[in-house]
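For the sequence shown, UniProt numbering gives the first residue as 1, with consecutive numbering after it.
We put the CB at the ideal spot given by N, CA and C, even for glycine.
Report on the following structure.
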Amino acid sequence: MTKYYDNTRLTSYKDCPRMYYLRHVKHWRREGLSKDLAFGLAWHEAMDVVWGNINDTPDAIMNAAVEVFNSTWVEQGMKPPSELTIDDMNWLKTKTPGIGYEMIWNYIIQRQDMIQTFDILQIEQPFVVPLYTDDMSVLYCGRRDKVFRCNGQLIVGEHKTTGSYKKN
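This is the structure:
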């Protein structure tokens with residue numbers, strides 16, 4: 001029987017083995033919406049727009065990225081940004097659309113010139129690799145956010161919005 005592992009499963013186990021067991025073995029889920037998931041998905045979709053339109057003006061990139069961020073946000077069951085109340089904002093904490101917009105804008109301003117020098121090869125490409133060379137039934141799967149060439153080097157770039165990957 002083939003076993004598949006991904007970043008969510010590994011991080012879940014690292015954070016709390018019992019939570020891993022309940023979520024990934026027993027398949028229990030919390031009720032309600034996941035603000036972290038909605039924000040992360042919206043961020044990733046916006047980043048794909050930024051990278052795909054990197055030669056446009058910053059304002060044009062921003063407008064397209066915000067449109068995709070908002071539609072993904074709402075598709076995940078969140079209220080449209082224009083309908084969020086103070087209570088909603090307090091619940092969302094750092095995962096508000098406004099903070100997402102600020103992150104997108106800063107990303108564009110800080111990285112546009114650099115990204116324009118890259119040869120972008122892949123955006124959001126899935127992968128599956130064996131975890132052990134002698135056992136092909138245990139696999140790690142996921143998606144590479146970006147694959148690009150820079151100064152002759154092949155680079156994989158990732159966009160993380162979770163605290164597990166925070167760099168100070």
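Use the C-beta contact count for residue i: other C-beta atoms within 10 angstroms, 16 or more gives buried, fewer gives exposed.
i      : result
Ile109 : exposed
Phe127 : exposed
Tyr165 : The predicted position of Tyr165 is uncertain, since its pLDDT is 45 and thus under 50; no value can be drawn from it.
Trp91  : exposed
Ile86  : exposed
Lys95  : buried
Lys3   : exposed
Gly77  : exposed
Lys146 : buried
Lys62  : Residue 62 is actually Met in this sequence, not Lys. It is buried - the Cβ of Met62 has at least 16 other Cβ atoms within 10 Å.
Gly100 : buried
Ala38  : buried
Rounded to whole angstroms, what is the Cα-Cα separation between residue i and residue j?
i      : j      : result
Val50  : Val74  : 19 angstroms
Val138 : Pro58  : 43 angstroms
Tyr107 : Lys93  : 20 angstroms
Ile104 : Tyr140 : 30 angstroms
Arg29  : Asp135 : 31 angstroms
Leu41  : Glu67  : 13 angstroms
Asn168 : Asp56  : Annotation note: pLDDT 45 at Asn168 (below 50); position unreliable, coordinate value reported separately. Cα to Cα, the separation comes out at about 30 angstroms.
Gly98  : Ala65  : 13 angstroms
Cys150 : Gly52  : 16 angstroms
Leu33  : Lys79  : 11 angstroms
Asp15  : Tyr21  : 12 angstroms
Arg143 : Glu124 : 6 angstroms
Tell me where the alpha helix (DSSP H) around residue i begins and ends.
i      : result
Asp142 : The residue asked about is misnamed: residue 142 is Gly in this sequence, not Asp. Counting along the chain, Gly142 falls outside any alpha helix (DSSP H), though it belongs to the beta strand (DSSP E) covering 135–150.
Gly40  : 35–52
Gln116 : 97–116
Asp88  : 86–92
Pro81  : Unbroken run through Pro81: none, as it is neither H nor E.
Tyr20  : 17–20
Give the range of the beta strand (DSSP E) segment to which residue i is assigned.
i      : result
Tyr4   : 3–5
Val68  : Segment 58–75 is the alpha helix (DSSP H) holding Val68; no beta strand (DSSP E) there.
Pro130 : 119–132
Val156 : 153–157
With respect to 7 angstroms, is the separation between the Cβ of residue i and the closest non-hydrogen atom of the ligand HEM below this value?
i     : result
Phe69 : The ligand HEM is absent from the structure shown, which contains no ligands of any kind.
**Prompt:** Do the segment 105–123 and the segment 140–157 make contact, defined as three or more Cβ pairs closer than 8 angstroms?
**Reply:** A contact exists between the segment 105–123 and the segment 140–157.
**Prompt:** Is the segment 65–74 close to the segment 39–48, with three or more CB pairs under 8 angstroms?
**Reply:** Output reads yes: the segment 39–48 touches the segment 65–74.
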